[in-house]
Structure formats: C-alpha cells, structure tokens
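S.K.: The structure follows.
There are 2 protein chains.
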Amino acid sequence: MAVQQTTSSLDLHVDVDRTRVRASLEDALREAVQSGRLAPGARLPSSRALAADLRVARSTVVDVYEQLSAEGWLVSRHGSATTVADPVGRPSVPSGASAPTAVVPTYDLRAGTPDVTTFPRAEWTAALRTVLAAAPADALGYGDPRGRIELRQALASYLARARGVRLAPDDVVVCSGYRQSLWLLSRVLRAEGASSVAVEAFGHHAHRDVIVDAGLRTVALEVDDDGARPEHLDGHDAVVLTAAHQFPLGVVLSPVRRGEIVRWAAADRRVIVEDDYDGEFRYDRRGVGAMQALAPELVAYAGTASKTLAPGLRLAWLVLPPRLVEPVVELRRALLGQAPVLDQLVLAELLTSGRYDRHVRRTRLAYRGRRDRFVAEMAARSPGTPVLGLPAGLHSVVQLCEGDTEDAAVERASSRGLAVEGLGTYTLRPGLRPPSLVVGWATPPSHSFTAALRRLTLALAG
Amino acid sequence: MAVQQTTSSLDLHVDVDRTRVRASLEDALREAVQSGRLAPGARLPSSRALAADLRVARSTVVDVYEQLSAEGWLVSRHGSATTVADPVGRPSVPSGASAPTAVVPTYDLRAGTPDVTTFPRAEWTAALRTVLAAAPADALGYGDPRGRIELRQALASYLARARGVRLAPDDVVVCSGYRQSLWLLSRVLRAEGASSVAVEAFGHHAHRDVIVDAGLRTVALEVDDDGARPEHLDGHDAVVLTAAHQFPLGVVLSPVRRGEIVRWAAADRRVIVEDDYDGEFRYDRRGVGAMQALAPELVAYAGTASKTLAPGLRLAWLVLPPRLVEPVVELRRALLGQAPVLDQLVLAELLTSGRYDRHVRRTRLAYRGRRDRFVAEMAARSPGTPVLGLPAGLHSVVQLCEGDTEDAAVERASSRGLAVEGLGTYTLRPGLRPPSLVVGWATPPSHSFTAALRRLTLALAG
C-alpha cells in the first residue's frame, strides 16, 4: 500500500507492505535517507502523525525510528523531533553493496539467551509423537505436583552421570523455570524460619527480587577469582551460588571455598542453593561437578533446560535435600500443580534416548567455535584487553580501558548497531570490579558473528 | 515365581509374576477366596509378613488387601488381622464369567477431571510440527511474560465468538493453570490495597487457599438456585464467581444477580473474578455468555484448557480489565516469565485452524451422551432422587435420602469399588445444603460407564 504523507511537514511517499509493516517501513525510510531524498537535518513527522497517516500502530513507528537511530541514520532526542542524521554520524554503506537499501543488521551481544536456532525442532516433534503414542491417558490429568516420574527418573540418571549429582528420582521436583524454582525454595525457607539469604555480588537482579518477594532479606557476597567469598556468611540462613560458572564473571568456586561453605551450612542446617544454569558448557577442561555431591543433605541443586534447549520451554528442576522435598511439593500442590506435562514427557524421552546428550555435544562444539573466534578477534584487534570467563558458558566479561565508562561503551556499541550490557546491569553491590562489558556470544547468526565482533572491537576502541 | 508361605499361619501358595507383581497377587488372592481355598473367616498373614515372604514391597500387599476389601472379598479392620469375608458380604461372581479371576475394576466418579482419553494426540502432534516449521527462532527465547502474541490473538477471537467475551489480545495474559491465574490476580489485588475477597460457599478449598496465600481474607457467599447471593458483598474488595456453571452445584448466576453484582463492583472499582472453567460444556440450551461482557473494565475473566483438552497442559488465560494488565504482567515478569511456549503455539494453531472447535464439539456430544445415560439410570433406579446441575458440565450433585450421611454413602460407594466425594469436600461454609454426593461423569471408560452408574444407584439405595 502506497500512502502519501499529508499531515506532516515531510513530503514522503512510503510503501508499506501490509504483510510486513515494520520491515517495509524501516526499509523505505532507510532508503530515503541513503538516497538523499531525506536531507541531513530534515525533521521527520512525529511517530503519532506518521502512524495515523499510515494506519499502523504508533509503536511500530517508534520501533522503526529507534532502530534507524541505533543504526545512525536518524537522530532521536527526548522531547524533540526525530531528524535525519548528518552524514558524519551515519554508518557507511558498504561500497560493494549491490542494493542501496541493503539492511544494516543489528546484533544482540547481551548475555543470557542461548542460540535458539539450534533448538532440535524435528527431534522434539518426533519425541512428542513417540511419547503420545505410549503415554497412559492419566498422564494428561492433574498429576503429581512434583512432576512426571518418567522425567524425574531420566533426570536422576542424567544428572548423576553428567553433573555428578547424588540423587534419587524422589528428590526431584520439576519446575517452570529457575526463577520459579528459586521462588518456591525461598518460600519454603521463609516458612522454616529463615530470614536472610546471601547471594553473589554479581548476578541477576531479578533473582534477588524473587528471594525478597518470598519475604527474605538478601546480602551480597564479594566474588573474586576463586568465586564467592564465604567469610561473611555467618548470620545468614542460606546462600545462592553459581558455583560451576559464576554469572556473569565466569569464575569457578574453588574446592577450598566449597569445603568452607559446606562446613558453614552443616553447622546449623543452613541451605546452599546451587544454580547450575549452564554446567553443560565447559570447553577447556572436564566439566566442574556439581557442588551438591559434597553434601546432598545441605544443597538444593537447581538445573534448567533454558540454556541447553530453549528458555521458552520454561523447564527446570530442583534436586532437594530430603527434608525440603515435601514442603516444596506441598507449595506446588497448593499454588501451581505440576509443570506442564507434554514438555516433561518429551524431555524425558530425549534424555533416555541419548538425543539430549547428542544435542548438548553439538551445541557445545558450536559455542566453543564462537568462543575461539571471540578470543581470536579480541587478540587481533583489542590486544591486552582483560577478558574474564573464557573456558565456559555463553558469554565473557571484557574490561574497559582506563577512563572509559560502561555507559559510554554501551552507547558507542549501540551507535554501531550492537546491543550489549555493562557489568553494572548485573551488579548487586557496586564498586568491586572495574568498568566492563558483559558480552554474550550465543545469539548473532554464525555468518555474521565476525562482523558483530568487529563492531565490538571498534566500539571498545572508542 | 511361586512362593510357599512359611512365616504365617496361612498355608498359601501364591504365584507372583515379577513383571506384574501387584496384579498377579491380587488375582491369586481373589481366586483363592472365590474357589474356597481360603475359607470365610480365615486370617490372612499380616501385610508385613506376606511382603517379606514374597519379597515384594509391603505397600503392594497393603494395596491388594485394600482393593480386595473394597471389593468385598476380604474384611480389614483397623488394628486387627485381615480376614476372608463371609459369603453374604461378598460380591457375586457373574454367572456367565468365563474366568474365575476376572478383575473387578474400580471406577472414579470424582468431579474435576475431564475424559483425558479424548485428548487429540495426533492433532496436537501435527499442530506442533506445523508451528515448529514456521515459528521464528526468537519464539523459543524468554519472550513476553504475557504470553505469545499468536495465542493471545487466537484466544481473543475465540473467546469473543464462543464465550461472548469483549477483549483485545493485549488484555490477555497466558498462565499455567487457573490456580496460578487466581494467585497472580490475588497478589495484584492485595498490592492495590484489597483485603477481603468474597467466594462462593461451594467450591474448591484449594482456590480459597490460593487467595489466602496472597495475603487476603475470604468470606463465603450463600448460593441458591440463582447462584451466589450478593446481599453481603459490601465491605469486600472482590468476588470470585463460577457464573456460567457454579462449581459444584451447577446453577447459573441469574441475569438479575449479574446486574446487582456488576453495580456493586462499579460503585468502588471492585473486581469480579469470573472463573469460566467449563463454559464450553452446555447441553440443553445455548451457552451462557461470559459475565465479563457486561463490564470488561470490572471483570477479570479466567479460562482454561484443562476441561476442554487436558489438565496436564496447565494452560489457562486471564482476560483483564485494562488497569490490571500491567501489574499482573509485571508479577509474571518478576517471578515466572511467560508460560511454556510450545503448548501456547500449538493451542493457537488449533484455535485458528478450527480444530479446537471441532474437538470441543466432539467432546460435548460425548459428555452429553454420558449425561443422558446418567439421567436415564437415575430415573430407572433411583427415581425421585433430587439431582442438581444437569444441563451443563461434567458432573452433577445427587441428594441423599433422608437420614443418610455423606460419609456413609461414600463408604458404601467405596465398598462397591467407586471413588466418589460428598458435597462436604467442596463446602466452604457448612449447613447450607442437604447431604449430597458430587458425581463426575467424565472419567469411567465409556464401555463400563453403565456398570459404574449401576453401582452408584446401588450405593445410593444403601
């Protein structure tokens, strides 16, 4: 649909394809700037006016303006009109580009999301067909709030083998995502009389918020190269640790620290919550076994399929000390019932058939390749930049140059079309580490991964 | 494996098939009683001794003793030995029975679970293949805490058409089960300053517990033939209603009452929670439209796929008044994230392709057939028994004879191999209704449905 602008100062003919409104509007505006039809400094119509004229959602126009601003074609200032950028601030059009409307892609280097393009769609569907052919009808009923026995058995076998967890199927409670696991556990600890939970000084604010929602206080422990520092644990009732791979710093909790923390917990029935969010992804040496194996009666182990398969599944599990099983199950029974059953049955089938292991190995190799490309690119273009957290996981922490700030670096990256976050986003107690970026490697498409890294090193250079 | 009893007074040779321990033990004992090898009044070994001899779990023996006692072959008394029943108390062996060890099945007439054997397994798998072939990769990411747009759009269209709900996709929040919907809503109401929620005097204790967990007080409203009575609503901040089909009484909230309750809510921004758990299943007349349509800005409408598809999916949805959308979404974001994504995409596909409607029509016909058989059986064998809640849903309430009690009737049903519950199980405020049974029709297999009803009428007769 071609629409002639009428209600704004801008004489602009925009072709909006109703089957792809946002993309066609973005292409049309970018082309208008590139071709010079929109001159530097020209005011664009307000998002409200343009949306009304095109009969599209205002949010679509806002999105497109933001995207083109992030790419450097437009300039948006809070409270004033969006204008066409000066040529100096614009991205250069690749000279070999055949079409003047070539899309300038944006790369997402934020941590936390795996490469969901690797999700084994065909295998998942095949496994669903298999389990639905075999499952008894009552598997589709309300069921056991701890989750399907097939999955708890499969997890018991897998976690013992792959992560060294010591468990029986009855220790497992299937949950919908780690956040729900942590919330249920926090509620149970609170009901048991706990009041204060120690967390790592670096991590997700959302996780701390979940603990607080359950009525508990949190305090943040310093983290150094050996992981969380245990000397201030006294006075707290539990501690939450990313022991195998600190998020986001990437360090491993040392054996000495593990022993100290287990002794602290054993002294007064305190609880250690082990958040093993990406224990499968370790590249340079053998996987670091779960801390749970040191003290199954003290450690609540929390795992997830969010990194190995896809976050959208919301599949997670708790392996609980015996005394905590019933209270967690009762809370699930009261408020939630079991986790959705079909995904549970499919994951059980993938685990028992060995296809889960094969998928994890495939993706581990792919992530290792990305890690290697990241290391090579940093060494070639940002030599000497300190990088933390390289032998594992899906992200690293890159320290900024002396005098640089996270806000400035994030802004420079953004102006090059990169989404990336400062360490401050994951800091629960400021002032412990120099300014850094948390760089996720998992999501840019493989074919453009090097281009994304190139932009990152340019942004780091200032 | 054949085992000779040695540690007990009973000389009994039991063949236990290790691949089906429980069933073979049950068959062998039943056969021993039927054939007279075990005489009336004979003591059986204790469950502990028999379990030790047979090297099976004691719980297996306890189960088998309970089953055979429920069937009338054995007599178990708390604290004394299990004995063989007198022939008078025993079920008669059908004269035409070819095998003396014919299994006597147990039927579940409890309300609340639909006939999960009708779950459209092949269609579900086919729809998953379709959506996984088309879904963009980022559909598998953490996503929007309100749920997939595909499902919210499909629900908006379906609920408007099938249930008369007035809504836009952005009013919808996808949840994991009604209990979670109610809990999220209760938390948001509490945060808004609400302190007291009215509920119906008949319903699920678990639902009241969810409201209480969120920090709210509940009071129970009387229910009569026109539904919940509104005259004591003043002083409360919200009310939860099963307006289309009161659970479990089966009455419909009258138009006059609906108007009164909407006016009450409008007077002071109070909230009506409409629990539309089985609105699709109405047999004698057109469906009763959702109360939400009267006042979309006051009614939080809650729906679920638990009755139409399967409870194990834990798929449910809230249609919220505009001002409640953001707080509910934020609470989901903080504690849960979105509901699992694949089931959402599949349900969206089933809704938009019309297969959901066809499935609902198929199952509605089947349930209507069961309802008719139930009515015919009651008319033939328990004439004059008052029965409530017949034109809709998957259960009815059957009033007991003068002088009978729910406990006694449940016990008589149990001794005939029937699981059924008294109205007391669903009573939040006692003394309002005469003793009754809540009879679910959905789960006994179709081929044995008449046999189950026959036993029920026998149990009702005393």
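In order, the protein sequences belong to chains S and C. In terms of my numbering, the first sequence opens at residue 1 and continues consecutively. In terms of my numbering, the second sequence opens at residue 463 and continues consecutively. By construction, the Cβ of each residue, glycine as well, lies at the ideal position given by its N, Cα and C atoms.
Counting only beta-carbon separations shorter than 8 Å, does S/L151 have a partner in chain C?
M.R.: Here residue 151 of chain S refers to the residue found at position 151 of the first sequence. For S/L151, the answer is no, since every Cβ of chain C falls outside 8 Å of its Cβ.
S.K.: Starting from the Cα of C/A653, find the closest Cα among C/E864, C/V702 and C/P789 and give me that residue.
M.R.: The residue labelled residue 653 of chain C in the question sits at position 191 within the second sequence. With distances taken between Cα atoms, C/A653 lies closest to C/P789.
S.K.: Near C/A778, what residues of its chain come up, given a Cβ to Cβ distance below 6 Å and the 5 sequence neighbours on each side ignored?
M.R.: Here residue 778 of chain C corresponds to residue number 316 of the second sequence, with the count starting at 1. Cβ neighbours of C/A778 beyond the five flanking positions: C637, G639, Y640, S643 and T766.
S.K.: Applying the criterion that 16 or more other CB atoms from any shown protein chain within 10 Å of the CB defines a buried residue, is S/L365 buried or exposed?
M.R.: What you label residue 365 of chain S is simply residue 365 of the first sequence in a count that begins at 1. Its Cβ having fewer than 16 others within 10 Å, S/L365 is exposed.
S.K.: Using a beta-carbon distance below 8 Å, is S/H447 in contact with chain C?
M.R.: Here residue 447 of chain S is taken as the residue at index 447 of the first sequence, counted from 1. No, S/H447 does not count as interfacial toward chain C.
S.K.: How long is the line joining the alpha carbons of S/V325 and S/H207, rounded to whole angstroms?
M.R.: What you label residue 325 of chain S is simply residue 325 of the first sequence in a count that begins at 1. What you label residue 207 of chain S is simply residue 207 of the first sequence in a count that begins at 1. Rounded to the nearest angstrom, the two C-alpha atoms are 21 Å apart.
S.K.: Does DSSP classify S/T83 as helix, strand or coil?
M.R.: Here residue 83 of chain S corresponds to residue number 83 of the first sequence, with the count starting at 1. In this structure, S/T83 counts as strand in the three-state DSSP scheme.
S.K.: Give the interface partners of C/T887 over in chain S, defined as CB-CB distance under 7 Å, in chain order.
M.R.: As a first step, residue 887 of chain C must be located in the second sequence, where it is residue number 425. Residues of chain S passing the Cβ test: none, with the nearest at roughly 15 Å.
S.K.: For the beta strand (DSSP E) holding C/W903, just list the boundary residues, first then last.
M.R.: Residue 903 of chain C sits at position 441 when you count from the first residue of the second sequence. Where C/W903 is concerned, there is no enclosing beta strand (DSSP E), given that its DSSP letter is neither H nor E.
S.K.: Along the stretch 755-781 of chain C, where does the CB come closer than 9 Å to a CB of chain S? Name the residues.
M.R.: So the list reads S768, L771, A772, P773, G774, L775, R776 and L777, given in the order they occur along the chain.
S.K.: Measuring CA to CA, which of S/G417, S/G422 and S/L394 is closest to S/L74?
M.R.: For this step, residue 74 of chain S is matched to residue 74 along the first sequence. Residue S/G417 is the option with its Cα nearest to S/L74.
S.K.: In terms of residues, what are the limits of the alpha helix (DSSP H) holding C/Y829?
M.R.: As a working mapping, residue 829 of chain C is identified with position 367 in the second sequence. Its alpha helix (DSSP H) spans residues R817 to R843.
S.K.: Within 10 angstroms of its Cβ, does C/H707 collect 16 or more other Cβ (buried), or is it exposed?
M.R.: Position 245 of the second sequence, counted from the start, is the residue given in the question as residue 707 of chain C. Per the 10 Å Cβ criterion, buried.
S.K.: Is the separation between the beta-carbon of S/A310 and that of C/L602 shorter than 8 Å?
M.R.: Taking the first residue of the first sequence as position 1, residue 310 of chain S is located at position 310. Taking the first residue of the second sequence as position 1, residue 602 of chain C is located at position 140. The answer is yes: Cβ separation under 8 Å.
S.K.: With distances taken from CA atoms, which of C/T587, C/R591, C/T592 and C/G605 is nearest S/V116?
M.R.: Within the first sequence, numbered from 1, the residue matching residue 116 of chain S stands at position 116. Looking at the Cα atoms, C/G605 is the closest of the given residues.
S.K.: Looking at the unbroken beta strand (DSSP E) that takes in S/R217, where does it start and where does it end?
M.R.: Mapped onto the first sequence, residue 217 of chain S falls at position 217. Start and end: R217 to L221.
S.K.: So what's S/T304 in DSSP terms, helix, strand or just coil?
M.R.: Within the first sequence, residue 304 of chain S is the residue found at index 304, counting from 1. Strand at S/T304.
S.K.: Chain S beta carbons: is any one of them nearer than 8 Å to that of C/V578?
M.R.: Translated into the one-based positions of the second sequence, residue 578 of chain C becomes position 116. For C/V578, the answer is yes, since a Cβ of chain S falls inside 8 Å of its Cβ.
S.K.: Using a beta-carbon distance cut-off of less than 8 Å, what residues from the stretch 129-157 of chain S approach chain C?
M.R.: Flagged, chain order: R129, L132, A133, A137, D138, A139, L140, G141, Y142 and G143.
S.K.: Measure the beta-carbon distance from S/A392 to S/G250 and round it to whole angstroms, keeping in mind my assumption that it falls under 8 Å.
M.R.: Here residue 392 of chain S refers to the residue found at position 392 when the first sequence is read from its first residue. Here residue 250 of chain S refers to the residue found at position 250 when the first sequence is read from its first residue. Right, the Cβ-Cβ distance comes to about 7 Å (below 8 Å), so this counts as a contact.
S.K.: Could you give the first and the last residue of the continuous alpha helix (DSSP H) run that contains C/L612?
M.R.: By 1-based counting over the second sequence, the position of residue 612 of chain C is 150. Looking at the sequence shown, residue 612 of chain C is not Leu but Glu. It spans I611 to R625 - the alpha helix (DSSP H) in which C/E612 sits, taken as one unbroken run.
S.K.: Mind checking S/S446: buried by the 16 CB within 10 Å criterion, or exposed?
M.R.: Along the first sequence, one-based indexing puts residue 446 of chain S at 446. Exposed.
S.K.: Could you name the residues of chain C that S/G337 contacts, counting a contact when the two beta carbons are closer than 7 Å?
M.R.: Taking the first sequence and counting its residues from 1, the one referred to as residue 337 of chain S is at position 337. G639, R641 and R776, listed in chain order.
S.K.: Would you say C/P802 lies against chain S (beta-carbon separation less than 8 Å)?
M.R.: Indexing the second sequence from 1 puts residue 802 of chain C at position 340. Judged by the 8 Å Cβ criterion, C/P802 is in contact with chain S.
S.K.: Going by C-alpha to C-alpha distance, which of C/Q861, C/F911, C/E811 and C/R744 sits closest to C/L894?
M.R.: Taking the first residue of the second sequence as position 1, residue 894 of chain C is located at position 432. When each option's Cα is compared against that of C/L894, the closest is C/Q861.
S.K.: If you follow the beta strand (DSSP E) that S/H395 is part of, which residue opens it and which one closes it?
M.R.: Position 395 of the first sequence, counted from the first residue, corresponds to residue 395 of chain S. Taken as a continuous stretch (DSSP letters only), the beta strand (DSSP E) holding S/H395 covers H395 to Q399.
S.K.: Report the rounded CA-to-CA distance for S/E349 versus S/L394, giving the unit in angstroms.
M.R.: Residue mapping note: residue 349 of chain S aligns to position 349 of the first sequence, counting from 1. Residue mapping note: residue 394 of chain S aligns to position 394 of the first sequence, counting from 1. Their backbone Cα atoms lie some 26 Å apart in a straight line.
S.K.: With a 10 Å radius around its C-beta and 16 neighbouring C-beta atoms as the bar for buried, classify C/P562 as buried or exposed.
M.R.: Taking the first residue of the second sequence as position 1, residue 562 of chain C is located at position 100. Annotation note: pLDDT 40 at C/P562 (below 50); position unreliable, no value reported.
S.K.: Could you tell me which residues DSSP pairs with C/G689 in its beta bridges?
M.R.: Against the second sequence, residue 689 of chain C aligns to sequence position 227. C/D686, per the DSSP bridge assignment.
S.K.: Going along the stretch 669-681 of chain C in order, which residues come within less than 8 Å of chain S, judged by CB to CB distance?
M.R.: Taking 8 Å as the Cβ-Cβ cut-off against chain S, the residues of the stretch 669-681 of chain C that qualify are D671, V672 and D675.
S.K.: Would you check if there are 3 or more beta carbon pairs closer than 8 Å linking the stretch 264-280 of chain S to the stretch 289-305 of chain S?
M.R.: The stretch 264-280 of chain S vs the stretch 289-305 of chain S: in contact.
S.K.: Taking one C-beta from the stretch 820-837 of chain C and one from the stretch 897-917 of chain C each time, how about it: are there three or more such pairs within less than 8 Å?
M.R.: A contact exists between the stretch 820-837 of chain C and the stretch 897-917 of chain C.
S.K.: Nearest CA to the CA of C/R628: which residue from C/R833, C/A842, C/T867 and C/G751?
M.R.: Here residue 628 of chain C is taken as the residue at index 166 of the second sequence, counted from 1. For C/R628, the nearest C-alpha among the options comes from C/G751.
S.K.: Taking contact to mean at least 3 C-beta pairs separated by less than 8 Å, is the stretch 402-416 of chain S in contact with the stretch 370-387 of chain S?
M.R.: The answer is no - the stretch 370-387 of chain S does not touch the stretch 402-416 of chain S, with fewer than three Cβ pairs under 8 Å.
S.K.: Answer with yes or no whether the minimum CB distance from S/A348 to chain C is below 8 Å.
M.R.: Locating residue 348 of chain S in the first sequence gives position 348, where the first residue counts as 1. Answer no: the Cβ-Cβ gap between S/A348 and chain C never drops below 8 Å.
S.K.: Which residues in the same chain have their Cβ closer than 6 Å to the Cβ of C/V724, if we skip the five residues on either side of it in sequence?
M.R.: Your numbering for residue 724 of chain C matches position 262 in the second sequence. If we look at C/V724 and ignore the five residues flanking it on each side, its Cβ neighbours are L756 and A757.
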